[in-house]
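Just below is one structure, and these are the notes that go with it.
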C-alpha cells in the first residue's frame with residue numbers, strides 16, 4: 246500500500262513533466278535498456294585471479310531489478326541491448342529473468358529491429374533507455390527514448406526525457422516509476 250501511495254504522490258507532482266502523459270501507456274509492450282553506463286555506472290574493474298586470467302566486476306543497482314519486477318507484474322517485459330558482451334552482464338540479466346536482444350552489438354538499431362520483428366512488435370510499442378551515442382538511433386525510433394543524467398550531451402539533446410538518476414543509480418527504476426504514475 247505504501248508503494249501505491251508513493252506512486253500516487255509522484256503522479257500528482259509530476260503530471261506536467263511526465264513524458265508518459267503524452268502517450269497511451271497501454272500501447273507500450275516492451276522496455277529495452279542498455280547495460281554499461283545505464284544499469285551500471287559505466288566503470289569496469291578488472292581483477293586478476295591467480296593463474297586464471299582476469300574477471301570483470303560490475304555493480305548493478307537492485308532498484309533497477311525491482312523495476313523489472315514491477316513491469317513484469319503489468320505484463321511488460323524488460324530486455325537488454327548492449328554494445329559489450331561479458332559474463333557478468335549475462336549473469337545479472339539471467340538472474341532477473343530479462344530477455345537479451347543482443348550483447349556485443351555494434352548496430353543496435355538493426356538488432357533491435359530484427360528482435361521486434363520476431364516478437365511481432367514495432368518501435369511505437371517500445372520504451373528505450375540508454376546513455377551513449379550507440380543508443381541514439383534506438384532512442385529516436387522508439388515510442389519514447391530516455392537517457393540517464395550522465396549521458397553524452399548529444400543524447401541529452403535528442404532524447405525525449407533526461408532522467409535525474411545517473412547510470413547505476415536506479416535510473417531504470419526512476420523511469421518505471423514515471424511510467425506507473427500515469428498508468
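Numbering (the working numbering), first residue to last: 246 to 428.
Cβ coordinates follow ideal geometry from the N, Cα and C atoms, glycine included.
Asked: Residues that DSSP places opposite residue 299 in a beta bridge; Found: 293
Asked: Nearest candidate by alpha-carbon position, reference residue 332, set 300, 306, 351; Found: 300
Asked: Residue 426 versus residue 418 - alpha carbon distance; Found: 12 Å
Asked: Closer than 7 Å: residue 289 CB and nearest the ligand NAD heavy atom; Found: Only the bare structure without any ligand can be found here, which leaves the ligand NAD out of the picture.
Asked: Cβ contact (3+ pairs, closer than 8 Å) linking the stretch 345–364 and the stretch 297–311; Found: no
Asked: Nonlocal neighbours in the same chain, by C-beta distance under 6 Å from residue 384, ignoring five residues either side; Found: 373, 375, 390, 404
Asked: Residue 327 in three-state terms, based on DSSP; Found: strand
Asked: Rounded separation between residue 410 and residue 398 - CA only; Found: 15 Å
Asked: Residue 387 beta carbon less than 8 Å from that of residue 371; Found: yes
Asked: CA nearest to the CA of residue 268, picked from 396, 421, 369, 336; Found: 369
Asked: Among 379, 274, 327, 396, nearest to residue 414 - alpha-carbon criterion; Found: 396
Asked: C-alpha gap between residue 259 and residue 304, whole angstroms; Found: With a pLDDT of 47 at residue 259, under the threshold of 50, the modelled position of that residue is not reliable, and the figure given next carries that caveat. Spanning the two alpha carbons is a distance of roughly 29 Å.
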